[in-house]
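Since the structure comes first, as C-alpha cells, the remarks are kept for the end.
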Amino acid sequence: MNLQLDSLLTTTGEWLRGTGPESDIVVSTRIRLARNLASFPFTNRASAHQKAELEALLREKIARLDLAPALSYLIIGSLNALDRQFLVERQLISRELMNAEGPRGVAFDERETVSLMINEEDQLRLQVMRSGLALEEAWQDIDRIDDMIEAKVSYAYHEQFGYLTACPTNVGTGMRASVMLHLPALGLTREIEKVFRSLQKINLVVRGLYGEGSRASGDFFQISNQITLGKSETGSLAELGGVIHQIVTVERRARNVLLREKRQELQDRVSRALGTLQHATMMTSDETMELLSSVRLGINLGLLDDVSLPTVNELFLHTQPAHLQKLVGGSLDGEERNAARARYLRNRLRQQLQ
Amino acid sequence: MSAMKCQFCSNPATLHLTTLTNLSEKKVVHLCDACAKQQQIVTEPAEPLNIPAIVHMLLGPHLSPVSEELARLTCPECGIKYMEFRGDGRLGCPHDYDVFQPGLEPILKRVHRAVRHVGKHPPHHQLNRERQAELLQLHHRLRQAIGVENFEEAARLRDWIREKEAADESSVG
Numbered sequence: 010m011n012l013q014l015d016s017l018l019t020t021t022g023e024w025l026r027g028t029g030p031e032s033d034i035v036v037s038t039r040i041r042l043a044r045n046l047a048s049f050p051f052t053n054r055a056s057a058h059q060k061a062e063l064e065a066l067l068r069e070k071i072a073r074l075d076l077a078p079a080l081s082y083l084i085i086g087s088l089n090a091l092d093r094q095f096l097v098e099r100q101l102i103s104r105e106l107m108n109a110e111g112p113r114g115v116a117f118d119e120r121e122t123v124s125l126m127i128n129e130e131d132q133l134r135l136q137v138m139r140s141g142l143a144l145e146e147a148w149q150d151i152d153r154i155d156d157m158i159e160a161k162v163s164y165a166y167h168e169q170f171g172y173l174t175a176c177p178t179n180v181g182t183g184m185r186a187s188v189m190l191h192l193p194a195l196g197l198t199r200e201i202e203k204v205f206r207s208l209q210k211i212n213l214v215v216r217g218l219y220g221e222g223s224r225a226s227g228d229f230f231q232i233s234n235q236i237t238l239g240k241s242e243t244g245s246l247a248e249l250g251g252v253i254h255q256i257v258t259v260e261r262r263a264r265n266v267l268l269r270e271k272r273q274e275l276q277d278r279v280s281r282a283l284g285t286l287q288h289a290t291m292m293t294s295d296e297t298m299e300l301l302s303s304v305r306l307g308i309n310l311g312l313l314d315d316v317s318l319p320t321v322n323e324l325f326l327h328t329q330p331a332h333l334q335k336l337v338g339g340s341l342d343g344e345e346r347n348a349a350r351a352r353y354l355r356n357r358l359r360q361q362l363q
Numbered sequence: 004m005s006a007m008k009c010q011f012c013s014n015p016a017t018l019h020l021t022t023l024t025n026l027s028e029k030k031v032v033h034l035c036d037a038c039a040k041q042q043q044i045v046t047e048p049a050e051p052l053n054i055p056a057i058v059h060m061l062l063g064p065h066l067s068p069v070s071e072e073l074a075r076l077t078c079p080e081c082g083i084k085y086m087e088f089r090g091d092g093r094l095g096c097p098h099d100y101d102v103f104q105p106g107l108e109p110i111l112k113r114v115h116r117a118v119r120h121v122g123k124h125p126p127h128h129q130l131n132r133e134r135q136a137e138l139l140q141l142h143h144r145l146r147q148a149i150g151v152e153n154f155e156e157a158a159r160l161r162d163w164i165r166e167k168e169a170a171d172e173s174s175v176g
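Going down the list, the sequences are from chains S and C.
Mapping of the first sequence onto this note's numbering: position 24 corresponds to residue 33, and the numbering continues sequentially without gaps.
Mapping of the second sequence onto this note's numbering: position 4 corresponds to residue 7, and the numbering continues sequentially without gaps.
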C-alpha cells in the first residue's frame, strides 16, 4: 500500500488541479455527508468489537460499489504517522480519522475526487472534491454515491430529525459544503474583515486552509455552511454559492483596484516573493505560504509569466511537512525541514524557469 | 488578524473563533495559545480543536440549566446518560434522538434554528424501517447473550443478523 501512496507524490490530486469555474479565486469545492447505520451505536460509544464489525461491513459494501474509477482502500491503523499526515495534507482523510483509535479506514479513487471514511466521528463520512467552484456537480456526485451505499445498508434516519449523527450540529442533512477561496487582494486592501462581517446574516463558517483548527494562512479561506437542520441540501448549496459569487466579485474588484492604483508596488511585491522563493536557504511553512500566495496572485494578474499556476498549487502541497519529508525521503526536525523546504523550492522553481 | 490580542490575557491572539448568526449578533473570540489550552479549546498542539468546548464557550450561556428530569435520562439502548452527552456533545446511538428529545430540541433550535429536517431522505428507507427496528433488537440480544457468556445463543443470533443483513441488501440493492 505504501507504494500506492508514494505514487500520489507526483500529483496534486483533484482539488489543486487549478482548473474549473472561477479557479483564479476559488481553489476547490468540497461536500461531505455524515452517515451512520441504524443497527450500531455511534463510533464514540462502539466497542472495539463493534467497530471492527462495522469497518469490515462497510469496507465490503464499498468494495462492491460500481464506481468508475474504482476506489482503493487503506486501513489507517496499518499506516505510519507520516503516511497518515500525508493523507491529511491531501485532504483525503480528516485529522479526526488520523488521530482516532481502533479499526478505521478510507477508500478513495486515483483522481482523489471521492473519499469515504469509515469510523470517523460518524461511521461513514462521504466526501467529494472538485477543482474550482462546482457545488452542483459535487452535489450530484455525492448524492449518487450516497444512494448507491444506502441501497446496501440501512442508514440511521429519523422522520423528524433526518440523518442521525453523533454530534447534533450535523443532524438533518449531515451535509457540510466547503469552498476554498484564495483572497490575497482583499487581504492587501484590508477589506477581508469587512467582507466576513457582511456575511453576518448568513450562517457560514470561515476557516483556514486545513479546516477546523487551522488558522488562515496564505490568504486561503474555507467557507462552509453551518446549518444542517431545517434547510434542504440544494437550498443550502444555493445560498453558499450566492455568497461565494459575491466574495469572488469583491476580490476581483480589489485586484483591479490594486492593478490600477498600485501596479508598481504590486509588481515589486510578487517579483520579490518569487525571488525569495528562488534563493532563500531556510524557509518556514508560514513564510512559504505567504510568498506562494503572492506569486499565485502575480500569475493570475499577468504580472508573472515564468511560473505556472499548477506549479504553484503543487508547491503549496509539496512543502507541507509530510509531503516534504516523503519527497526528500526521511524524517526531518524543524530546522532541517526548513532547509529542505528552501532547497526543494529552489530546485523546483529552477526546473520551471528552464 | 495578527494584531488581535487574546481576550483572556493581552498576548497576541493566534486563534480566532467566529460564529455568524442572523440573531443580530456575531460572536468572535480571540485567544492566545496558552489561553486556548487553558480553556481546553486546543488540547495538544497537533490535535484538532475541541469542538464541544467551543460550542460550550460560544453557546454555553444560552443553554438553559439541565432539569432534574433530563439529568436522570439514560438511553436503554447504548447506556449513555443525558449528562454524559451534555459533557462532551456527542450522542451514543441513533436511539438517543428519541430518548433525549426534550433536551435536544432546545439545543437544535439554538444551533440550527429549526427542529425538523428538510431535504433528502434515503430512498430505500421505508422498506428498511421495520428491519432496522428488528436488527436493533437482535443486536441488543446479541450483546446480552455475550454479556452472560451464552455463546451458543450469541452465535445463533450473529448468524441470524448476517442472514437478515444479506436479505436486506438483495431485496433493496
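Just so it is clear, CB atoms sit at the ideal spot from N, CA and C, and this is done for glycine as well.
| message | Checking the sheet assignment: what are the DSSP bridge partners for F117 (chain S)? | response | Counting from one through the first sequence, the residue named residue 117 (chain S) turns up at place 108. Paired residues: S:S81 and S:S124.
| said: Using C-beta distances below 8 Å, list every residue in its chain close to A148 (chain C), excluding the 5 sequence neighbours before and after it, in chain order. | reply: Taking the second sequence and counting its residues from 1, one reaches residue 148 (chain C) at position 145. Around A148 (chain C): F154, E156, A157 and L160.
| task | Could you list which residues in chain C have their beta carbon closer than 7 Å to that of A175 (chain S), in chain order? | result | Stepping through the first sequence from its first residue, residue 175 (chain S) is reached at position 166. Taking a Cβ-Cβ cut-off of 7 Å, the neighbours of A175 (chain S) in chain C comprise R93 and L94, given in sequence order.
| query | Below 9 Å between beta carbons: does that hold for Q169 (chain S) and H120 (chain C)? | reply | Here residue 169 (chain S) corresponds to residue number 160 of the first sequence, with the count starting at 1. Here residue 120 (chain C) corresponds to residue number 117 of the second sequence, with the count starting at 1. Cβ atoms of Q169 (chain S) and H120 (chain C): closer than 9 Å.
| Contact set for G22 (chain S): own chain, Cβ-Cβ below 7 Å, skip 5 residues either direction | Locating residue 22 (chain S) in the first sequence gives position 13, counting from the first residue. Here the set comprises R99 and E121.
| said: In whole angstroms, give me the CA-to-CA distance for S302 (chain S) and I236 (chain S). | reply: The count along the first sequence starts at 1 and reaches residue 302 (chain S) at position 293. The count along the first sequence starts at 1 and reaches residue 236 (chain S) at position 227. Looking at the two C-alpha atoms, the distance is approximately 31 Å.
| Hey, L275 (chain S) and L213 (chain S): beta-carbon distance below 9 Å or not? | Residue 275 (chain S) sits at position 266 when you count from the first residue of the first sequence. Residue 213 (chain S) sits at position 204 when you count from the first residue of the first sequence. In this structure, L213 (chain S) does not lie closer than 9 Å to L275 (chain S) by Cβ.
| query | Which chain C residues sit within Cβ distance under 9 Å of K240 (chain S)? | reply | Numbered from 1 along the first sequence, position 231 holds the residue referred to as residue 240 (chain S). In chain order: H115, A117, V121 and G122.
| query | Any heavy atom of the ligand SAM closer than 8 Å to the Cβ of L135 (chain S)? | reply | The ligand content of the structure shown is nil, which means the ligand SAM is not present either.
| For chain S, is any of its Cβ atoms less than 9 Å away from the one on T24 (chain C)? | Translated into the one-based positions of the second sequence, residue 24 (chain C) becomes position 21. Here T24 (chain C) scores only 49 on pLDDT, less than 50, and its place in the model should not be relied on; the value that follows carries that caveat. Yes - at least one Cβ of chain S is within 9 Å of the one on T24 (chain C).
| Hey, N128 (chain S) and E69 (chain S): beta-carbon distance below 9 Å or not? | Counted from its first residue, the first sequence places residue 128 (chain S) at position 119. Counted from its first residue, the first sequence places residue 69 (chain S) at position 60. With respect to E69 (chain S), N128 (chain S) sits apart: the two C-beta atoms are not nearer than 9 Å.
| field | Sequence-distant residues of the same chain with beta carbon closer than 7 Å to P79 (chain C), five excluded per side | value | Position 76 of the second sequence, counted from the start, is the residue given in the question as residue 79 (chain C). In its own chain, leaving out the 5 sequence neighbours on each side, no residue places its CB closer than 7 Å to the CB of P79 (chain C).
| task | Express the C-alpha separation of R153 (chain S) and M4 (chain C) in angstroms, rounding to a whole number. | result | Counting from one through the second sequence, the residue named residue 4 (chain C) turns up at place 1. Counting from one through the first sequence, the residue named residue 153 (chain S) turns up at place 144. With a pLDDT of 38 at M4 (chain C), under the threshold of 50, the predicted position of this residue should be treated as unreliable, though the coordinate-derived value follows. So the alpha carbons of these two residues sit roughly 41 Å apart.
| request: Classify M138 (chain S) as buried or exposed, calling it buried when 16 or more other Cβ atoms lie within 10 Å of its own Cβ. | output: The residue you call residue 138 (chain S) lines up with position 129 of the first sequence. M138 (chain S) is classed as buried because its beta carbon has at least 16 other beta carbons within 10 Å across all chains shown.
| query | Quick one, which of S:D150, S:L283 and S:V257 has its alpha-carbon nearest A194 (chain S)'s? | reply | Numbered from 1 along the first sequence, position 185 holds the residue referred to as residue 194 (chain S). With distances taken between Cα atoms, A194 (chain S) lies closest to S:V257.
| Using a Cβ cut-off of 7 Å, which residues of the stretch 43 to 72 of chain S contact any Cβ in chain C, in chain order? | N45, A47, S48, P50, F51, N53 and R54
| query | What number of angstroms, rounded off, separates the C-alpha of R261 (chain S) from the C-alpha of D118 (chain S)? | reply | Along the first sequence, read from residue 1 onward, the residue named residue 261 (chain S) stands at position 252. Along the first sequence, read from residue 1 onward, the residue named residue 118 (chain S) stands at position 109. Roughly 34 Å between the two C-alpha positions.
| query | Can you give the Cα-Cα distance for I7 (chain S) and K271 (chain S), rounded to whole angstroms? | reply | Here chain S comprises residues numbered 10 to 363, so residue 7 (chain S) is not present and cannot be evaluated.
| task | Would you tell me roughly how many angstroms separate the C-alpha atoms of A43 (chain S) and H288 (chain S), rounded to the nearest one? | result | In the first sequence, counting from the first residue as 1, residue 43 (chain S) sits at position 34. In the first sequence, counting from the first residue as 1, residue 288 (chain S) sits at position 279. If you take the alpha carbons of A43 (chain S) and H288 (chain S), they lie about 45 Å apart.
| Whole-Å CB distance - P126 (chain C) paired with E159 (chain S), under 8 Å assumed | Taking the first residue of the second sequence as 1, we reach residue 126 (chain C) at position 123. Taking the first residue of the first sequence as 1, we reach residue 159 (chain S) at position 150. Rounded, the Cβ-Cβ distance is 7 Å, consistent with contact.
| query | Rounded to whole angstroms, how far is the Cβ of A116 (chain S) from the Cβ of L80 (chain S), which I believe are closer than 8 Å? | reply | Here the question's residue 116 (chain S) lines up with position 107 in the first sequence. Here the question's residue 80 (chain S) lines up with position 71 in the first sequence. Going by Cβ atoms, the distance from A116 (chain S) to L80 (chain S) rounds to 4 Å, so yes, they are a contact pair.
| query | Should the stretch 309 to 317 of chain S be regarded as contacting the stretch 334 to 353 of chain S, the criterion being three or more beta carbon pairs within less than 8 Å? | reply | no
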